[in-house]
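So the structure is just underneath, and the comments pick up after that.
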Amino acid sequence: MPPARRPAVRVRDVAASVSRCTVAASEEAMQDILDRIGSATGTGTGSTTTTTTGTGTGLPVLVMEGGHLAGIITVHDTTRLVRRHTLGPAPGSARG
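Heads up: the sequence shown begins at 9 in our numbering, then just goes up one per residue.
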């Protein structure tokens, strides 16, 4: 975005609609979330085990706990998770 436009752009202009997001309970298994997203896009295994509170079908995933937003899982988060489990931790990484 050009610097000159930044003062005029509001959060609502760039935010993802909640209806496009997947909403999940904090105690759900990550694999179930990934399967659900994959099923919606035609790439998953079609798992139907879910305790979700929303009907969105993509990323980001809004993680809810007690009716409040507890966190957000982004494309970057899922990519990092997949890399970590297929390639192992990054060199010099403290986490594995």
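We treat Cβ as the ideally placed atom computed from N, Cα and C, and that holds for glycine.
Should D43 go down as buried or exposed, given a rule of 16 or more other Cβ atoms within 10 Å for buried? buried
Near G54, which residues of its chain fall below 6 Å by C-beta distance, leaving aside the five closest residues on each side in sequence? Confidence at G54 is low in this model, with a pLDDT of 41, below 50, so the placement of that residue is unreliable and no value is reported for it.
What three-state label does DSSP hand M9 in the structure shown? In this structure, DSSP gives M9 a state outside helix and strand, which the three-state scheme calls coil.
Could you spell out where the alpha helix (DSSP H) holding T87 opens and where it closes? V83 to L95
For G79, name the three-state secondary structure that DSSP assigns. strand
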